[in-house]
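Taking it in order: structure first as C-alpha cells, then the write-up.
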Amino acid sequence: MYDIFQVDRLIDLWLSEDIGYCDLTAQLMIDEDAQATFHMNARESMIIAGIGIAQRIFKRYDPTLSVTTLVKDGVRVEKGTRLLTVSGSARSIVSAERPTLNILQRMCGIATETARYRAEIEGTSACLIDTRKTTPGLRMLEKHAVVCGGGVNHRLGLDNGVMLKDNHIAVAGSITKAVHRARQKLPILTKIEVECDRLEQVREAADAGADVIMLDNMPVAQMPEAVRIVAGRAKIEASGGIRIDTIRAIAMTGVDYISTSKITQSAPAVDIGLDE
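If you're matching positions, the sequence shown starts at 12 in the numbering used here and goes up one per residue.
As C-alpha cells, this is what we get:
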C-alpha cells in the first residue's frame with residue numbers, strides 16, 4: 012500500500028521536472044482539440060507494480076482523460092499484454108507519457124527482480140525482505156513493488172523499529188547493555204534487532220532477549236551454528252552479500268529472513284511502451 016497524498020506530491024514533482032513550462036513539441040505539432048487513444052503494452056514478461064500510479068499520473072496532469080487499467084499489481088503478464096488504455100486530449104497524453112512510463116518501468120522492474128529472487132528460495136521456510144537501500148524519494152513506491160513481487164518489507168524508516176548496529180553497541184558498552192537500554196523505553200509492540208557478525212555476538216544477543224538477530228555478512232558455513240545457538244529464541248535474518256546464486260544455500264541453513272538490496276538497487280527497468 013502507499014499514501015496517495017504523498018504520491019500526488021511526487022507526481023507533481025515528476026511532471027514539473029519533465030514538462031517544465033509546457034511540452035513545446037506537443038504545442039507545436041498537435042492541435043489543441045485533437046483527441047486520441049493510446050495503449051500501454053508490455054514488451055517483455057514482467058510482474059506488474061504501480062499500474063494505479065500510472066493511471067494517477069495521467070489523471071493528475073489532465074483530469075478529463077479517461078484511463079482504464081487492464082491488469083492488477085502483483086500479477087505476471089507476458090510480452091504483448093495490454094496494461095492500460097488512455098483516451099482524450101492527444102496533447103495531454105503525449106506530455107504525461109514519459110513520467111508515467113518511467114515510474115511504471117521502474118516499479119515493475121523491482122517487482123520482477125523480487126519475484127526472481129523469491130523463486131530461488133521456494134520450498135524453504137525463509138522469507139525474502141527488502142532494505143532501506145532505495146532511491147531517495149521513492150522508498151514507499153519501491154517497497155510497494157517489492158511486495159508485488161512476493162517479498163516482504165523490512166523497516167520503512169528509522170522510526171519503524173530498533174536495529175542495534177556496531178556503533179550503538181559500542182556506545183552502550185555491550186550487546187547486553189544495548190538491548191536492555193532499548194527495552195526499557197521501547198513501545199510494547201516494537202521489536203529489537205541486533206546486528207551480529209560473529210557467533211559469540213549471536214549468543215549474547217539471544218541471551219539478552221533480542222527479538223531478531225541479523226547475521227551480517229556471516230559465512231554461510233557458520234549460519235547453521237547460529238541457528239542452533241538461537242534455538243528459536245529470536246528470528247534470524249541473513250544479510251550482506253546476498254546474490255541470486257547464493258540465496259538458496261542461505262535459505263537452506265534455517266534462517267527466517269533473507270534481506271538484500273539487490274531487488275531494489277540493482278533491478279533493471281522493464282520495457283513498456285505507449286502506442287496509438
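Glycine included, each C-beta is placed from N, C-alpha and C at the ideal position.
Nothing here was measured: the structure is a model prediction, and the numbers come from that model.
Counting along the chain, Met-225 sits inside the beta strand (DSSP E) bounded by residues 223–227. With contacts defined by Cβ atoms closer than 7 Å, Asp-222 and Ile-253 do not form a contacting pair. Inclusion of Val-266 and Ile-247 in the CB contact set at 7 Å is warranted, their separation being smaller than that value.
Here DSSP, grouped into helix, strand and coil, assigns Gly-220 to coil. If you ignore the 5 residues before and after Asp-29, its C-beta comes within less than 7 Å of the C-beta of Arg-109 and Pro-110, all in its own chain and listed in chain order. The straight-line gap separating the alpha-carbon atoms of Cys-33 and Ile-41 is approximately 13 Å. Segment contact: the stretch 115–124 against the stretch 270–278, three or more CB-CB distances shorter than 8 Å; contact assigned. Taking C-beta separations shorter than 8 Å and ignoring five residues to either side along the sequence, the partners of Trp-25 in its chain run Ile-68, Pro-110, Asn-113 and Ile-114, following chain order. The three-state reading of DSSP puts Ser-100 in strand, counting E and B together.
The stretch 74–88 makes no contact with the stretch 12–21, as fewer than three CB pairs between them are under 8 Å.
The Cβ atoms of Val-105 and Ala-45 lie no closer than 7 Å to each other.
A check of alpha carbon separations from Gly-243 across Ile-224, Val-182 and Ile-261 identifies Ile-224 as the nearest.
Between Lys-273 and Ile-258, the alpha-carbon positions lie close to 11 Å from each other. Rounded to the nearest whole angstrom, the CA to CA distance from Pro-147 to Glu-153 is 10 Å.
Around the CB of Ala-217, 16 or more other CB atoms lie within 10 Å, so the residue is classed as buried. Excluding sequence positions up to five before and after Val-173, its CB lies within less than 6 Å of the CB of Ala-193 and Ile-203, all in the same chain and listed in chain order. Taking a 10 Å sphere around the C-beta of Ile-199, we find fewer than 16 other C-beta atoms and assign the residue as exposed.
Contact between Glu-55 and Lys-90 holds, with the beta-carbon distance rounding to 5 Å and staying under 8 Å. Along the stretch 76–151, the alpha helix (DSSP H) occurs as fully enclosed runs of 4 or more residues at 101–131, listed in sequence order. Around the beta-carbon of Ser-27, fewer than 16 other beta-carbon atoms lie within 10 Å, marking it exposed. The distance from the Cβ of Ala-53 to that of Glu-287 is about 17 Å, inconsistent with a contact at the 8 Å cut-off. Along the stretch 43–75, the alpha helix (DSSP H) occurs as fully enclosed runs of 4 or more residues at 62–72, listed in sequence order. Among the bridge pairs identified by DSSP, Tyr-13 is matched with none.
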